[in-house]
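With the first letter of the sequence shown counted as 1, position 28 gets the number 56 in this note's numbering; the numbers rise by one all the way through.
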Amino acid sequence: VSEALCELELTIRKVVVSTTPDGKVMDLFFVTDT
Numbered sequence: 029v030s031e032a033l034c035e036l037e038l039t040i041r042k043v044v045v046s047t048t049p050d051g052k053v054m055d056l057f058f059v060t061d062t
């Protein structure tokens with residue numbers, strides 16, 4: 029996946045990592061083009 033995003037010149041910016049009330053981990057990130 030990361031290789032495909034790199035070939036498309038996309039950048040991933042991780043914003044937040046949090047835990048939901050039921051104990052699951054949630055990552056929030058943005059994918060932008062350059």
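All residues carry an ideal CB built from backbone N, CA and C; glycine is no exception.
In the DSSP assignment, LEU33 is bridged to no other residue.
Non-local beta-carbon contacts of PHE58 in its own chain, meaning distances under 7 Å to residues more than five positions away in sequence, involve ARG41, VAL43 in chain order. Residue range 38-47 is occupied by the beta strand (DSSP E) that includes THR47. The bridge partners DSSP lists for ASP61 are LEU38.
The shortest C-alpha to C-alpha distance from VAL45 to any of LEU56, ALA32, VAL29 is the one to LEU56.
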